[in-house]
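Enquirer:
In this note's numbering, the protein residues as written are 42 to 257.
Okay, here's the thing in structure tokens:
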């Protein structure tokens, strides 16, 4: 992943409960690669994440099994780290880790599409292939019939990224093109129409089978 330097941090509300350590413990079990160089430490009543460029406050929502921090800096964009706990019908926990980075959510993405799923035990085992649906089908739905137009005119800076839910279990998938965004910002009517037609795709968690699907 492209190295990004950050100098500022978003201050986010931190939620506490008796089970707070579970999310932090799961984070600490991740490999250095999946933590993207970050270390989370407790300072007073808050948790902060730091990759050596300045600490960011971490949102820890134990009620909903969700952790997030955003690292933002001048000229470096915003790096987002998300972690969420899913459960199957046997109450086995699946840990999801998602990251993406952007300069501006409307105009340009730097990095995206980095989502992983791990079965939780003594060790975290990568089960991403078993959790995600056929991504070709997901991407086709996101393109919404605009594949040819985008590939012919706006293929520069294609990106995709996921967002984990803080509440609920529906993961969202986003697709776009930086060149398409730029053309629309310059009042290109065709580009704006294509951009409006792109869909945010919902991926629904199925407890009984323990995977995500396009269908509820």
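Where a beta carbon is used, it is the ideal one built from N, C-alpha and C, also for glycine.
For clarity, every value in this text was computed on a predicted model and none was experimentally measured.
Along the chain, where does the beta strand (DSSP E) containing residue 124 start, and where does it finish?
Expert: 118–128
Enquirer: Let me know the secondary structure DSSP gives residue 144 once reduced to three states.
Expert: DSSP places residue 144 in strand when its eight states are reduced to three.
Enquirer: State the DSSP-derived secondary structure class of residue 51, mapped to helix, strand or coil.
Expert: Confidence is the limiting factor: at residue 51 the pLDDT is only 42, short of 50, which leaves the residue's position unreliable, though a coordinate-based value still follows. Correct three-state label for residue 51: coil.
Enquirer: Looking only at its own chain, which residues have a Cβ that is under 6 angstroms from the Cβ of residue 155, when we skip the five neighbours before and after it?
Expert: 140
Enquirer: Do residue 110 and residue 28 count as a contact pair if the criterion is CB distance below 9 angstroms?
Expert: Because the chain here runs from 42 to 257, residue 28 falls outside it and cannot be looked at.
Enquirer: Enumerate in chain order the residues of its own chain whose CB-to-CB distance from residue 207 is below 7 angstroms, with the five nearest sequence positions on each side excluded.
Expert: 102, 105, 107
Enquirer: Going by C-alpha distance, which of 72, 232, 91, 71 is nearest residue 79?
Expert: The residue with the shortest Cα to Cα distance from residue 79 is 91.
Enquirer: Would you give the residue range spanned by the beta strand (DSSP E) that residue 254 belongs to?
Expert: 252–254
Enquirer: Whole angstroms is fine: what's the gap from residue 240's alpha carbon to residue 124's?
Expert: A direct Cα-to-Cα measurement between residue 240 and residue 124 gives close to 24 angstroms.
Enquirer: If we count the other Cβ atoms within 10 Å of its Cβ and call it buried at 16 or more, is residue 135 buried or exposed?
Expert: With 16 or more Cβ atoms within 10 Å of its Cβ, residue 135 is classed as buried.
Enquirer: Run through DSSP, which three-state label would residue 7 get?
Expert: No answer is possible for residue 7: the residues shown for the chain start at 42 and end at 257.
Enquirer: Among the residues of its own chain, which have a CB less than 6 angstroms from the CB of residue 116, if the five just before and after it don't count?
Expert: For residue 116, the predicted structure reports a pLDDT of 47, less than 50, and the residue's modelled location is therefore unreliable. A value from the coordinates is still provided. Nothing listed; no residue qualifies.
Enquirer: Can you tell me whether residue 138 is helix, strand or coil according to DSSP?
Expert: The three-state reading of DSSP puts residue 138 in strand, counting E and B together.
Enquirer: Does the region 191–200 come within contact of the region 167–178, defined as at least 3 CB pairs closer than 8 angstroms?
Expert: Counting C-beta pairs with one atom in each stretch, the region 191–200 and the region 167–178 have fewer than three that are closer than 8 angstroms, which means they do not touch.
Enquirer: I'd like the list of long-range same chain contacts for residue 255, defined as Cβ closer than 8 angstroms, with 5 residues on each side in sequence excluded.
Expert: 174, 178, 179, 182, 242, 243, 244, 245
Enquirer: Does the distance from the CB of residue 112 to the CB of residue 95 come in under 9 angstroms?
Expert: For residue 112 and residue 95, yes; Cβs fall inside 9 angstroms.
Enquirer: Tell me the DSSP secondary structure of residue 112 in three-state form.
Expert: strand
Enquirer: From the DSSP output, in three-state form, read off residue 72 for me.
Expert: Coil at residue 72, not helix or strand.
Enquirer: Grab the span of the beta strand (DSSP E) containing residue 196 for me, first residue to last.
Expert: Taken as a continuous stretch (DSSP letters only), residue 196 belongs to no beta strand (DSSP E), as it is neither H nor E.
Enquirer: Could you check whether residue 133 and residue 70 sit closer than 9 angstroms to each other, using their CB atoms as the reference points?
Expert: No, the pair does not count as a contact, with Cβ atoms beyond the cut-off.
Enquirer: How many angstroms separate the CA atom of residue 216 from the CA atom of residue 191?
Expert: Cα to Cα, residue 216 sits roughly 11 angstroms from residue 191.
Enquirer: Tell me the rounded alpha-carbon separation between residue 251 and residue 97.
Expert: Per the coordinates, the alpha-carbon of residue 251 lies some 33 angstroms from the alpha-carbon of residue 97.
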